[in-house]
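Participant: Before we start, here is the structure in question, set down as structure tokens.
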Amino acid sequence: MVAPLLQTRDLSMHFGGVKAVNNVDFTLAEGELRCLIGPNGAGKSTFFKMLTGQLEPSHGQVLFRGQDISRSYAHEIARLGIGIKTQVPSVFDGLSVRENIWLAASRLNSAERAKRLVDEMLERVGLSHAADRVVGQLAHGQRQWVELGLVLSTDPELILLDEPAAGMTHEEVLKTAELVREINRTKALIVVEHDMQFIRMIAKQVTVFNRGSILIEDSVENIMRNPLVRDIYLGKQAA
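Residue numbers for the sequence shown follow our numbering, so the first one is 797 and each next one is one higher.
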């Protein structure tokens, strides 16, 4: 059998007596897009941080194409082909959009190749018109797209996005959903998100976390109809 792109086995994170994540078994196939949802405190962020090397698990394994990365540092995980976009954009506010993306592209490419990549990324994330603007002067959504350009410039096989639609206008959310769908044509993604409208736009399969464990995994349509999910996550709004 071909190994999954990403897999966790009995993955756990305990803070003293608190089990933030408890014995999670999770599998992501090559090219898949999976959304992770759940109420506040469900363990999504802790799970995300273990996948990205920000937290070392108390127990269990994270496997990327069969290789154990549970105790790897974040930069080692990035070199393996996992791109990470955090909720707060990690960009250089004092540099232009073009300079930000060039810094990412030039890490792994020749100067000539990096220049071509920058132009490709600017077009891909829809910021060619703002290429020479200072990032710190951009709107929130545009700054998020700059960081997506940085991540894509390293050509990862798997991209992890933490609440990519947070704080965006409706128009920005629509564009971000379109961009995520476009990325998924060639890359696998895991998206941690609270915005259910955004999830409807991009998701096929959804994993629901609750109290540190996986409650259910199913299609987005079945998740939205599931009465237990509605009770613990959507609550009165769904009713």
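Every residue gets a Cβ at the ideal spot worked out from N, C-alpha and C, and that includes glycine.
1) Decide if the segment 984-1001 is in contact with the segment 954-961; the criterion is three or more beta carbon pairs, one per stretch, under 8 angstroms apart.
2) Under three-state DSSP, which class holds R861?
3) Using the Cα positions of E826 and L801, report the straight-line distance between them to the nearest angstrom.
4) Over the uninterrupted beta strand (DSSP E) stretch that includes D915, give me the two end residues.
5) Of all the options N896, Q850, T842, which has the alpha carbon lying nearest to the alpha carbon of M917?
6) Could you name the residues of the same chain whose beta carbon sits closer than 6 angstroms to that of D889, not counting the 5 residues immediately before and after it, in chain order?
7) Enumerate in chain order the residues of its own chain whose CB-to-CB distance from A973 is below 7 angstroms, with the five nearest sequence positions on each side excluded.
8) Buried or exposed: where does L904 fall if 16 or more other Cβ atoms within 10 Å of its Cβ makes it buried?
9) So, does the segment 828-838 touch the segment 861-877, judging by three or more C-beta pairs under 8 angstroms?
10) On the CB-based measure, 16 or more other CB atoms within 10 Å of its CB, does N836 come out buried or exposed?
11) Which residue marks the beginning of the alpha helix (DSSP H) containing V930, and which one marks its end?
12) N1018: buried (16+ other C-beta within 10 angstroms of its C-beta) or exposed?
13) Are the CB atoms of I986 and L948 nearer to each other than 8 angstroms?
14) Just list the residues that DSSP pairs N836 with in beta bridges.
15) Helix, strand or coil for K845, going by three-state DSSP, please let me know.
16) Taking the alpha helix (DSSP H) that F994 belongs to, which residues open and close that run?
17) Around the C-beta of V969, are 16 or more other C-beta atoms found within 10 angstroms, so that it is buried, or is it exposed?
18) Could you spell out where the alpha helix (DSSP H) holding Q938 opens and where it closes?
19) At which residues does the beta strand (DSSP E) containing T1042 begin and terminate?
20) Taking its Cβ as the centre, do 16 or more other Cβ atoms sit within 10 Å of Q863, making it buried, or is it exposed?
21) Exposed or buried, which one is E978 when buried takes at least 16 other CB atoms within 10 Å?
22) Among residues of its own chain, excluding the 5 on either side of A799, which ones have a beta-carbon nearer than 6 angstroms to its beta-carbon?
23) Drop a sphere of 10 angstroms on the beta-carbon of T841, count the other beta-carbons inside from all chains shown, and report buried for 16 or more, exposed for fewer.
Facilitator: Per the coordinate set shown:
1) Verdict: yes, contact present.
2) The sequence position of residue 861 within the sequence shown is 65, counting from 1. Three-state result, R861: coil.
3) Residue mapping note: residue 826 aligns to position 30 of the sequence shown, counting from 1. Residue mapping note: residue 801 aligns to position 5 of the sequence shown, counting from 1. C-alpha separation (whole angstroms): 5 angstroms.
4) On the sequence shown, position 119 is the one that residue 915 refers to. First-last for D915: 907-920, but that is the alpha helix (DSSP H), not the beta strand (DSSP E).
5) Position 121 of the sequence shown, counting from 1, holds the residue named residue 917. M917 has its Cα closest to that of N896, out of N896, Q850, T842.
6) Taking the sequence shown and counting its residues from 1, the one referred to as residue 889 is at position 93. Answer for D889: V931, G932, listed in chain order.
7) As a working note, residue 973 is residue 177 in the sequence shown. Once the five neighbours on either side are set aside, the close Cβ partners of A973 are F994, M997, I998.
8) Here residue 904 is taken as the residue at index 108 of the sequence shown, counted from 1. Exposed is the call here.
9) Taking a cut-off of 8 angstroms on C-beta distances, the segment 828-838 does not touch the segment 861-877, as fewer than three cross pairs fall below it.
10) As a position in the sequence shown, residue 836 is number 40, starting the count at 1. Under this definition N836 is an exposed residue.
11) Within the sequence shown, numbered from 1, the residue matching residue 930 stands at position 134. That residue, V930, is in no alpha helix (DSSP H); it is neither H nor E in DSSP.
12) Your numbering for residue 1018 matches position 222 in the sequence shown. When all chains shown are included, N1018 counts as exposed.
13) Counting from one through the sequence shown, the residue named residue 986 turns up at place 190. Counting from one through the sequence shown, the residue named residue 948 turns up at place 152. Judged by beta-carbon spacing, L948 lies beyond the 8 angstroms limit of I986, meaning their Cβ atoms are not closer than that value.
14) Counting from 1 along the sequence shown, the entry for residue 836 is found at position 40. Its beta-bridge partners do not exist; DSSP assigns none.
15) On the sequence shown, position 49 is the one that residue 845 refers to. Of the three classes helix, strand and coil, the one that applies to K845 here is helix, per DSSP.
16) Taking the first residue of the sequence shown as position 1, residue 994 is located at position 198. According to the DSSP assignment, F994 belongs to the alpha helix (DSSP H) that extends over 992-998.
17) For this step, residue 969 is matched to residue 173 along the sequence shown. The residue in question, V969, is buried, as its Cβ has 16 or more Cβ neighbours within 10 Å.
18) Residue numbering aside, residue 938 sits at position 142 when the sequence shown is read from its first letter. From DSSP, the alpha helix (DSSP H) with Q938 extends over 936-949.
19) Past the boundaries of the shown model lies residue 1042; the chain is included only from 797 to 1035, so the question cannot be answered.
20) By 1-based counting over the sequence shown, the position of residue 863 is 67. By the Cβ neighbour-count rule, Q863 is exposed, with fewer than 16 other Cβ atoms within 10 Å of its own.
21) By 1-based counting over the sequence shown, the position of residue 978 is 182. Counting Cβ neighbours within 10 Å, E978 comes out exposed, since fewer than 16 surround it.
22) Start at 1 with the first residue of the sequence shown, and residue 799 comes out as number 3. Correct list, in chain order: R861, G862.
23) What you label residue 841 is simply residue 45 of the sequence shown in a count that begins at 1. Note on identity: in this sequence residue 841 is Ser, with Thr being the wrong assignment. Counting of Cβ neighbours within 10 angstroms places S841 among the buried residues, the total reaching 16 or more.
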